[in-house]
């Protein structure tokens, strides 16, 4: 069942990185970075609560898992989705 939570997490994180990329393109670099930084923490807490309420997993372990994995995935998602846009559009 943790795979379902991981799938939901990656989808939400992908959209957060895309939203931050749009902020960066619009010239608000710090706002884009703050959006992703705060968003990963709140998303990790949400996923921990969701996993606890639906499947009974411990909140502490899920929160640590999603917080660490979120910060590992941000550069990969940035390279996959935002870098090609920056190659075409120079902000």
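Numbering (the numbering used here), first residue to last: -11 to 79. Yeah, the Cβ is synthetic: ideal placement off N, Cα and C, and Gly gets one too.
Assigned secondary structure, residue i (DSSP; H/G/I helix, E/B strand, else coil)
| i | result |
| --- | --- |
| residue 21 | helix |
| residue 4 | helix |
| residue -11 | coil |
| residue 48 | helix |
| residue 77 | coil |
| residue 9 | helix |
| residue 40 | helix |
| residue 58 | helix |
| residue 15 | coil |
Nearest neighbour of residue i, chosen from the options [CA to CA]
| i | options | result |
| --- | --- | --- |
| residue 6 | 62, 44, 77, 56 | 62 |
| residue 1 | 45, 17, 33, -11 | 33 |
| residue 36 | 64, 25, 28, 48 | 48 |
| residue 69 | 41, 25, -1 | -1 |
| residue 58 | -8, -3, -11, 17 | -3 |
| residue 26 | 15, 43, 8, 39 | 8 |
Nearest-angstrom beta carbon gap, residue j and residue i [assumed within contact, 8 Å]
| i | j | result |
| --- | --- | --- |
| residue 50 | residue 39 | 5 Å |
Assigned exposure category for residue i - 16 Cβ within 10 Å defines buried
| i | result |
| --- | --- |
| residue 4 | buried |
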